[in-house]
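Undergrad: I'd like to ask you about the structure that follows.
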Amino acid sequence: MERNRDIIARINEKFPHMSKGHKAIAAFILEHYDQAAFMTAAKLGHQLHISESTVVRFASAIGYSGYPQMQAELAARVTRRLNAVEQVGVKYAGRSQSEVIGSVLSSDMDNIRTTMESLDAAAFDTAVETILNAETVYVIGIRSCAPLADFLGFYLNMVRGGIVQIKTSSLSEVFEQMLRIGQKDAIVGISFPRYSMRTLKALEFANDRNAKVITITDSVHSPMCLYSSCNLFAASDMVSIVDSLVAPLSVINALVVALCLKQPETVRESLEKLEEVWNNYQVTMHDEIDRIDEDSLFTLPEAEAMRKMTEK
Numbered sequence: 003m004e005r006n007r008d009i010i011a012r013i014n015e016k017f018p019h020m021s022k023g024h025k026a027i028a029a030f031i032l033e034h035y036d037q038a039a040f041m042t043a044a045k046l047g048h049q050l051h052i053s054e055s056t057v058v059r060f061a062s063a064i065g066y067s068g069y070p071q072m073q074a075e076l077a078a079r080v081t082r083r084l085n086a087v088e089q090v091g092v093k094y095a096g097r098s099q100s101e102v103i104g105s106v107l108s109s110d111m112d113n114i115r116t117t118m119e120s121l122d123a124a125a126f127d128t129a130v131e132t133i134l135n136a137e138t139v140y141v142i143g144i145r146s147c148a149p150l151a152d153f154l155g156f157y158l159n160m161v162r163g164g165i166v167q168i169k170t171s172s173l174s175e176v177f178e179q180m181l182r183i184g185q186k187d188a189i190v191g192i193s194f195p196r197y198s199m200r201t202l203k204a205l206e207f208a209n210d211r212n213a214k215v216i217t218i219t220d221s222v223h224s225p226m227c228l229y230s231s232c233n234l235f236a237a238s239d240m241v242s243i244v245d246s247l248v249a250p251l252s253v254i255n256a257l258v259v260a261l262c263l264k265q266p267e268t269v270r271e272s273l274e275k276l277e278e279v280w281n282n283y284q285v286t287m288h289d290e291i292d293r294i295d296e297d298s299l300f301t302l303p304e305a306e307a308m309r310k311m312t313e314k
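Whatever position you read off the sequence shown (first residue = 1), add 2 for my numbering.
Listed below in structure tokens is the structure:
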């Protein structure tokens, strides 16, 4: 059974108990397995400033007979990824643009349907209550998941405030922004393949500080589940060079709606305050375009002057 297990699953199981050096190797493989597949043990060790023997022991520690066997598994994983790219050409070859659109949208609908059928309602309820009751809620999503984190952070701030959205280009910045996280706080980590080690480290740090950890990820095999007590799974499979994030966004939408329904008065007050600010500072005149109403358009002084000029 052990030899049939995917390398990511092996790393997930062993990661919490790994040494510092082994965690560094695991982190590199999770984010850069396509590079690691073509690196010798010595080169990988040099890249991470650790010894070659540490790299070899890592391979044995996660269940391989040696480094060559682990490297072969990494190479096979890269090949499977390349095959997925080839499948794009096979699947869409000879199709019109409209047929491609239909096929992609159909795949997205399948992902949403799969997510609906498998989403744990109890975990969803726990996530809602955790977010509502936390003193501060931290939100993190890296690379392709950054837009999802932006979306969630924006609406959580409308619903309850006390939101820290982690913006980072390095692991040190993650810890700097999470310096005050504690047991009264919560963090929402969003990550899909290829998984972000920065996000995983953020969840590990939050867990060590006894904060509540919520993940939005693709499956129980995701390394994000290592430190989370509440997992929301969303399908992201698609025959493409990128994964579909439509279902994860739908889960986030559902979270926001559920939170709004839990405390409608707070949401109403926030929206009224925003509307007042927008009106006072004429925000919407400069940043948003509403549907044009011709009658209201000509009530503006500039428009009225223009109308009089054209009548002369």
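Glycine included, each C-beta is placed from N, C-alpha and C at the ideal position.
Output the boundary residues of the alpha helix (DSSP H) element that contains Val139.
TA: Premise fails: Val139 lies in the beta strand (DSSP E), Val139 to Gly143, not in any alpha helix (DSSP H).
Undergrad: Consult DSSP for Asn212 and reduce its assignment to one of helix, strand or coil.
TA: Reduced to three states, the DSSP call for Asn212 is coil.
Undergrad: Going along the chain, which residues of its own chain have a beta-carbon closer than 7 Å to the beta-carbon of Leu150, five neighbours each way excluded?
TA: Once the five neighbours on either side are set aside, the close Cβ partners of Leu150 are Gly143, Ile192, Leu247, Pro250, Leu251 and Ile254.
Undergrad: Within the segment 177-241, note down every full beta strand (DSSP E) run reaching 3 residues or more, in order along the chain.
TA: 188-192, 214-219 and 232-235, all fully within the segment 177-241.
Undergrad: Going by DSSP, what residues sit across from Val166 in a beta bridge?
TA: Paired residues: Tyr140.
Undergrad: Does DSSP put Gln37 in a helix, a strand or coil?
TA: It is helical.
Undergrad: Going by DSSP in three states, Gln71 sits in which element: helix, strand or coil?
TA: Helix, per DSSP.
Undergrad: Is it buried or exposed, Met111, if we count other Cβ atoms within 10 angstroms and call 16 or more buried?
TA: Label assigned to Met111: exposed.
Undergrad: Can you find the residues in the same chain that come closer than 7 Å, C-beta to C-beta, to Met20, ignoring five residues on each side of it along the sequence?
TA: The answer, listed in chain order, is Ala28.
Undergrad: What did DSSP end up calling Asp8 once you bin it into helix, strand or coil?
TA: Asp8 falls in the coil class under three-state DSSP.
Undergrad: Using 8 Å as the Cβ pair cut-off and three pairs as the minimum, do the segment 117-132 and the segment 163-181 touch?
TA: The segment 117-132 vs the segment 163-181: no contact.
Undergrad: Between Val190 and Ile216, is the Cβ-Cβ spacing less than 8 Å?
TA: Yes.
Undergrad: I'd like to know whether the C-beta of Phe177 is nearer than 8 Å to at least one C-beta of chain D.
TA: Protein chains in the displayed structure number just one, and chain D is not present.
Undergrad: Tell me whether the beta-carbon of Val106 lies closer than 8 Å to the beta-carbon of Thr268.
TA: Against a cut-off of 8 Å, the Cβ pair of Thr268 and Val106 comes out as no contact.
Undergrad: Buried or exposed, going by whether 16 or more other CB atoms sit within 10 Å of the CB of Glu32?
TA: A small fix is needed here, since residue 32 is Leu in this sequence, not Glu. Answer is buried; the Cβ neighbour count reaches 16.
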